[in-house]
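J.:
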Amino acid sequence: EITINKIAAGEVVERPSSIVKELVENSIDAGADRIIIEVENGGKSLIKITDNGCGIPSSEVKKCFLRHATSKIDKIDDLFNLFTLGFRGEALASICAVSKLEMTTKFEDEAVGTKITLVGGNIEAKEAVGANTGTSIVIKDLFFNTPARKKFLKTDHAELMNITDIVNKLAIGYPNVKFRYLNAGKLMVNTPGDGKLVSAVRSIYSREVSENLIEINYDCSLFKIDGYIGNNNIYRSNRNLQHIYINGRFVKSKIIYDAIANAYKSIIPINKHAVCFINLHLDPQKVDVNIHPGKIEVKFEKENEIKLEIMEYIRAKLLKQSLI
Ligand code: ADP
Ligand code: MG
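Start counting the sequence shown at 10; every next residue gets the next number (UniProt numbering).
Written out as structure tokens, the structure is:
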């Protein structure tokens, strides 16, 4: 079982940033609205995630480190009706197999919390402790027992940049959650958690970006779209400021990149990338997030119709804007 988890970890836990993503998504699934992310040495020596979510009942604590242990799929039907970010039950099993992990958690309906310690996937200790409702997970010495994979990691700085990128995407995707992100004790990100996308964009990127956005909001039978697109002042040479979320999940979608690019190009001849922070809401039954374990690439039904409709909506929005 542990060997299988070590192998599986290669898919789910490629690097520190993938661990941060999985753990923060678990916190979001647990209903947290405050999440603290602390890292040291690019996450290689320490990753700590603290949330104020619902916590884990003491009787369930061991179970969540087992492979395919997910509390999120009750019936198989749920797989096609996915509203939570996690569903594979692979993350914790994979992460604990290749690290030294300590979790303290207290379930909202229980008086006492639990602290559990695992080394390379083996439970070393479990005890009752006093704790606030929520969960805190500490991951130390990533890949200590898989040296080949450890060697494959990039420099601390490069790994840190990857983590920062993931935190930025999550924080903008969840403006109702207050994110605090610290590297070696130094505050890197601190979003207000006021539910406003623009506030999150301002605290993560800049006032300049947040002040050059056009609000979008469109609802048709196929989909709903909301968020912001950049105005004429803030193009970028890369896609770093193109955030697209489908049902709350950050995705890379060529269909939507193209829709946006075509809308801008139809008005202004430009070969740079527009800025956008877009939430696309689709019937979860019509989205397939299951094609990649990192869950970044997606497929959905009626892609071409959706692409065209988004293109036309954004084009109309831009035209209206330039008349003002
Ligand atoms: P998945 O998210 O796919 O269900 P994970 O391995 O990420 O699988 O987590 C396993 C289970 O552990 C989750 O289904 C959930 O019940 C529990 N869990 C993990 N992290 C948290 C958290 N921060 N708060 C509450 N429950 C959690
Ligand atoms: Mg998960």
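The C-beta atom is built at its ideal place from N, Cα and C for all residues, glycine as well. Bear in mind the structure is a predicted one, so any value in this text is a computation, not a measurement.
Please work out which residues of its chain come closer than 7 Å, Cβ to Cβ, to I85, disregarding the five sequence neighbours upstream and downstream, and give them in chain order.
T.: Low confidence applies to I85: its pLDDT is 48, below 50, so where it sits in the model is not reliable enough to give any reading.
J.: For S36, does the count of other Cβ atoms within 10 angstroms reach 16, so buried, or fall short, so exposed?
T.: buried
J.: Spatial neighbours of R324 within its chain, please: C-beta separation below 7 Å, excluding the five flanking residues on both sides.
T.: Scanning its chain for C-beta atoms nearer than 7 Å, with the 5 sequence neighbours on each side dropped, one finds around R324 the residues A272, S275, I276, in chain order.
J.: Hey, how far is the Cα of S215 from the Cα of M112?
T.: Near 35 Å, if we compare the C-alpha coordinates of M112 and S215.
J.: Straight-line CA distance for L101 to V22?
T.: 10 Å
J.: Would you kindly report the start and end of the unbroken beta strand (DSSP E) that includes V48?
T.: Secondary structure note for V48: its beta strand (DSSP E) is the uninterrupted segment 43 to 49.
J.: Per the DSSP calculation, F188 is bridged to which residue(s)?
T.: Under DSSP, the beta-bridge partners assigned to F188 are I44.
J.: Contact between the stretch 111 to 131 and the stretch 60 to 75 is defined here as three or more beta-carbon pairs at a separation below 8 Å; is this criterion met?
T.: yes
J.: Label E310 either buried or exposed according to how many other C-beta atoms from any shown protein chain fall within 10 Å of its C-beta, with 16 as the threshold for buried.
T.: E310 is exposed by the Cβ-count criterion.
J.: What are the residues that DSSP puts in a beta bridge with I286?
T.: The question names Ile, yet the displayed sequence has Phe at residue 286. Assignment of beta-bridge partners to F286 by DSSP yields Y237, H252.
J.: Verify the contact flag: N35, CB atom, against every heavy atom of the ligand ADP, threshold strictly below 7 Å.
T.: True, at least one ligand heavy atom lies under 7 Å from that Cβ.
J.: Using only CA atoms, which one of N249, Y322, K261, V198 lies nearest to I234?
T.: Y322
J.: Can you grab the Cα-Cα spacing for the pair E136 / D60, in whole Å?
T.: One Cα belongs to E136, the other to D60, and the distance between them is close to 20 Å.
J.: Beta-carbon separation of R76 and L162 under 8 Å?
T.: no
J.: Note down the Cα distance separating T142 from L196, rounded to an integer number of angstroms.
T.: 24 Å
J.: To the nearest angstrom, how far is the alpha carbon of F286 from that of V210?
T.: The straight-line gap separating the alpha-carbon atoms of F286 and V210 is approximately 9 Å.
J.: Spell out the partners DSSP gives A137 in its beta bridges.
T.: T123
J.: Within a Cβ cutoff of 6 Å, which residues of the same chain sit near S208, ignoring the five residues on either side of it in sequence?
T.: P201
J.: Rounded to the nearest angstrom, what separates E119 and G139 at their Cα positions?
T.: The alpha-carbon atoms of E119 and G139 are separated by roughly 11 Å.
J.: If I'm right that V284 touches R245 with Cβ under 8 Å, what's the distance once you round it to whole angstroms?
T.: 6 Å
J.: Going by C-alpha distance, which of G40, P278, A193, Y254 is nearest N50?
T.: A193
J.: By the 10 Å Cβ neighbour count, where 16 or more other Cβ atoms means buried, how is I279 classified, buried or exposed?
T.: So I279 ends up on the exposed side.
J.: Between L127 and the rest of its own chain, which residues show a CB-CB distance below 6 Å, the 5 nearest in sequence each way excluded?
T.: C105, L110
J.: Got a sec: does the ligand ADP put a non-hydrogen atom nearer than 7 Å to the Cβ of L101?
T.: Yes, the ligand ADP has a heavy atom inside 7 Å of this Cβ.
J.: Just how far apart, CA to CA, sit I56 and I28?
T.: 8 Å
J.: Are the stretch 175 to 192 and the stretch 249 to 264 touching, with three or more C-beta to C-beta distances below 8 Å?
T.: yes
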